[in-house]
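Taking it in order: structure first as C-alpha cells, then the write-up.
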Amino acid sequence: IVSFVLVLLIAHIFRENLRKFYQMLFDFGTKANKRIFFNVLLLSIVIWFLTYLQFYFVVLMINESPPFLDVISLASVYTVILFLPISINGIGIREGASAVLFPLINIQLEIGIIIAWIVAINNSLFPAVLGYLCLLREK
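In the working numbering, the protein residues as written are 43 to 181.
This is how it looks when you write it as C-alpha cells:
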C-alpha cells in the first residue's frame, strides 16, 4: 500500500513531465524518429556484441577455450545480474556471479573471478583514465 501511495505521489509531482514523455512516445511515428531509433538500435546491438566479444577474448587470454556461444550466454546472464542495483558498481555481485556462472562452462571458480576483474577494469578504469587524460589535455 505504501509503495502504491508513493507511486501516485510521484506521478502527481511529475505529472507534466510524464505527460510530455508520453506525448513524445506517441509522436514517434515520423520517419525521422524511426530512422534515429533504428540507428540507435543498430549501434546498441553492435556495442553489446563488442562487449560480449571482449568477454570472450579475456576468456581466451586466460588460456581457457569454451565454446563462443557458451561465453556469450554466460556474459549475457552476468550482465543482467550486474544490472541489479544492490551494490556500488557491482562490487561483490560481480564476484558472486562469477563464482556461480563460470563453473557452468568448466572454468575454475578462481579463474572466473579473475576474468570478471579484468573485464571490470577494462570497462571502468581504462575509460576513466582516458577521460582524465583528455580532460588534462583540454586545460
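Think of the CB as a built atom: it goes at the ideal place given N, C-alpha and C, for glycine as much as any other residue.
- In the three-state reduction of the DSSP assignment, Ile-130 falls in the helix class, which pools H, G and I.
- Membership of Pro-169 in the alpha helix (DSSP H) is indicated by the continuous run 151-180.
- Across the set Pro-169, Val-113, Thr-121 and Ile-128, the C-alpha of Val-113 shows the shortest separation from the C-alpha of Asn-148.
- Rounded to whole angstroms, Asn-59 and Gln-65 show a C-alpha spacing of 10 Å.
- Annotated as proximal: Gln-96 and Val-161, with beta-carbon spacing under 8 Å.
- Under the three-pair Cβ rule at 8 Å, the region 128-139 does not count as touching the region 100-110.
- Around Asn-81, the same chain offers no residue with a beta carbon nearer than 6 Å, after the five sequence neighbours per side are excluded.
- As the crow flies, the alpha-carbon of Ser-86 is around 10 Å from that of Leu-92.
- Residue environment for Gly-154: buried (at least 16 other C-beta atoms within 10 angstroms of its C-beta).
- From the listed residues Lys-76, Leu-146 and Leu-178, the smallest Cα separation to Leu-116 is found for Leu-146.
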